[in-house]
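Residue numbers (the working numbering): 2 to 493.
Below, the structure is given as structure tokens:
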């Protein structure tokens, strides 16, 4: 049985990291030198505008669009405790921020589409086992560490190290820290304390709108975050990057060191498991299922919709069985595609209608189980009265489609263009309008090839009638650069 492998394809312009499970691509991360992701980066910002109506502020951090900071993401100036010991939040953004104020902020969401980055002043700095929280002293343990004894041990160890290193900060213990020795935790804590000190020193001297701290490059970040994943191999097609990744692993993830290898092969590394083909498929609307059924993905501004069809799959037993089998296979494919396409926000899945409650339950359970491997947090609701499954998946980066594509210049993202027939009739109306308004000896019509073909063939009788009606000859000329919807009527 094959395990999980990481393939790293590195060029000076772009780094791509593929996560392959049992020979199948399940996740793709990419970072371009011109547009590095900014999640986790810390900036010195200046408050541009405070918006009481939205309880938020826009902050200039040096990017082309101002970033968004909500009141709930601002550390209160003074913590006011209520009778039951809870911290009461200052209710107004005006009490927290003022225009022109300089603040240290961290990006929690990259700029997506037309929206600027999302910020927080609850800054966190991660290392291998711990995450430092400068604004409080508490110790939190990752929910994925389930063993109560181990949770108690880690909490005690970290609290003891806080006292020993005289660290005034709080820490979150990451999943990777399960079974970590006190010495390993201590190294992390000392490293984080020093790092935070240097961030603070830099932030004092830097001008607003500058980056104070950047998260690790993608190749190293992947190793740090691949917590609890049994990796068979990490293959890197650049010797220099392989050396850098090995140095990083030796310091932070020594157990992965022997699995890192430089890939010197003649074949491009992404050809090993048909990764390039899978990326291409992940950009298409239609996803074929082995059974003959298929899925249709539609990504809109508000949500992503997924439709499931039986297609050519006719099954062997009866219709209900065929539908059930298709839906089960679809649940697996959807979980993989959501990770691969990195789709986030609201997702609506239209499974084929099932009559048996047991089948509905099994399909939903199958989807939940398949989503468990996904590191992005998701929430799945029950089947709605209309037979739809509503779910959400945490969105932090742009989807694969938004990273690799741009809207089509011909249809401007609509996904369709007017038919040649529609354009012909629009043109006839325009000719009538211009012939009435202006005196001309002749009309010249410039249009795309399919439109002119239609005018001279199936619509030739209509053109002859129109010429007779307006009493002016009409000439047609093909413009190669025109889209099907474009035309011009020129008076000669």
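All C-beta atoms in this analysis are idealised placements derived from N, C-alpha and C, irrespective of residue type, glycine included.
Can you pull the DSSP bridge partners for residue i?
i, result
"residue 533", "Nothing about residue 533 can be reported from this structure: the residues present for the chain run from 2 to 493 only."
"residue 477", "446"
"residue 470", "Note: residue 470 sits in no beta bridge, so no partner."
"residue 219", "Looking at the DSSP assignment, residue 219 forms no beta bridge with any residue, so it has no partner."
"residue 127", "132"
"residue 308", "297, 351"
"residue 489", "447"
"residue 346", "394"
"residue 5", "22, 232"
"residue 141", "173"
Compute the beta-carbon to beta-carbon distance between residue i and residue j, rounded to the nearest angstrom, for a pair I have assumed lies under 8 Å.
i, j, result
"residue 307", "residue 348", "7 Å"
"residue 194", "residue 171", "Wrong, their Cβ atoms sit about 12 Å apart, outside the cutoff."
"residue 300", "residue 344", "7 Å"
"residue 130", "residue 67", "So it is not a contact: roughly 35 Å between Cβ atoms."
"residue 142", "residue 155", "6 Å"
"residue 32", "residue 219", "4 Å"
"residue 1", "residue 336", "No answer is possible for residue 1: it lies beyond the span of the chain, which begins at 2 and ends at 493."
"residue 162", "residue 187", "5 Å"
"residue 309", "residue 294", "7 Å"
"residue 381", "residue 432", "The Cβ separation is near 56 Å, so there is no contact."
"residue 328", "residue 355", "7 Å"
Skipping 5 residues on each side, what residues in its chain have a beta carbon closer than 6 Å to that of residue i?
i, result
"residue 276", "19, 26"
"residue 271", "10, 277"
"residue 489", "447"
"residue 360", "325"
"residue 484", "411"
"residue 408", "414"
"residue 476", "445"
"residue 100", "48, 51"
"residue 119", "69, 109, 110"
"residue 350", "307, 390"
"residue 264", "236, 238, 270"
"residue 22", "5"
"residue 84", "Summary for residue 84: the model assigns pLDDT 45, below 50, so the residue's position carries little reliability, and this model does not support an answer."
Measuring alpha carbon to alpha carbon, tell me which of the options ends up nearest residue i.
i, options, result
"residue 6", "29, 465, 98, 99", "29"
"residue 284", "130, 338, 328", "338"
"residue 159", "333, 209, 190", "190"
"residue 122", "57, 112, 166", "57"
"residue 395", "67, 333, 340, 149", "340"
"residue 377", "226, 249, 291, 472", "226"
"residue 105", "474, 163, 61", "61"
"residue 372", "183, 333, 199, 312", "333"
"residue 223", "211, 198, 253, 205", "253"
"residue 116", "153, 97, 151, 69", "69"
"residue 208", "102, 148, 293, 263", "102"
"residue 302", "238, 184, 400", "400"
"residue 1", "336, 286, 93", "The structure shown does not extend to residue 1, since the chain is modelled only from 2 to 493, so the question has no answer here."
"residue 221", "235, 213, 211, 212", "235"
"residue 473", "304, 180, 491, 35", "491"
"residue 169", "201, 135, 146, 147", "135"
"residue 147", "180, 352, 21, 342", "180"
"residue 279", "248, 342, 237", "342"
"residue 45", "465, 36, 201, 167", "201"
"residue 240", "262, 14, 251, 250", "262"
"residue 251", "203, 185, 215", "185"
Once the 5 residues before and after residue i are set aside, which same chain residues still bring their CB inside 8 Å of it?
i, result
"residue 487", "448, 449, 480"
"residue 429", "463, 467"
"residue 418", "411, 412, 484, 485, 486"
"residue 291", "330"
"residue 232", "4, 5, 6, 7, 257, 260"
"residue 230", "5"
"residue 211", "44, 45, 63"
"residue 269", "10, 238, 277"
"residue 98", "48, 51, 58, 70, 75, 104"
Output needed for residue i: all residues of its chain with C-beta closer than 7 Å, excluding positions within five of it in sequence on either side, in chain order.
i, result
"residue 405", "284"
"residue 95", "51, 53"
"residue 455", "421, 422, 425"
"residue 196", "126"
"residue 139", "171"
"residue 192", "128"
"residue 451", "421, 485"
"residue 86", "A caution first: residue 86 carries a pLDDT of 47, below 50, which makes its placement in the model unreliable, though a value can still be read off. Result list for residue 86: empty, nothing under 7 Å."
Between residue i and chain E, is any beta-carbon pair separated by less than 7 Å?
i, result
"residue 311", "Reference to chain E is not applicable here, since this structure consists of a single protein chain."
**Message:** Three or more C-beta pairs under 8 Å: does that hold for the region 387–395 against the region 365–377?
**Reply:** With the rule of 3 Cβ pairs closer than 8 Å, the region 387–395 counts as touching the region 365–377.
**Message:** Across the region 241–254 and the region 64–77, are there enough close Cβ pairs to call them in contact, namely three or more that are closer than 8 Å?
**Reply:** No, they do not touch.
**Asked** Taking contact to mean at least 3 C-beta pairs separated by less than 8 Å, is the region 377–388 in contact with the region 414–429?
**Response** The region 377–388 is not in contact with the region 414–429.
**Request:** Flag this pair as touching only if the region 54–69 and the region 125–135 have three or more C-beta atom pairs under 8 Å; answer yes or no.
**Result:** Touching, no.
**Message:** Count Cβ pairs between the region 40–48 and the region 99–119 that sit closer than 8 Å; are there 3 or more?
**Reply:** Judged by Cβ distances under 8 Å, the region 40–48 makes contact with the region 99–119, as three or more pairs qualify.
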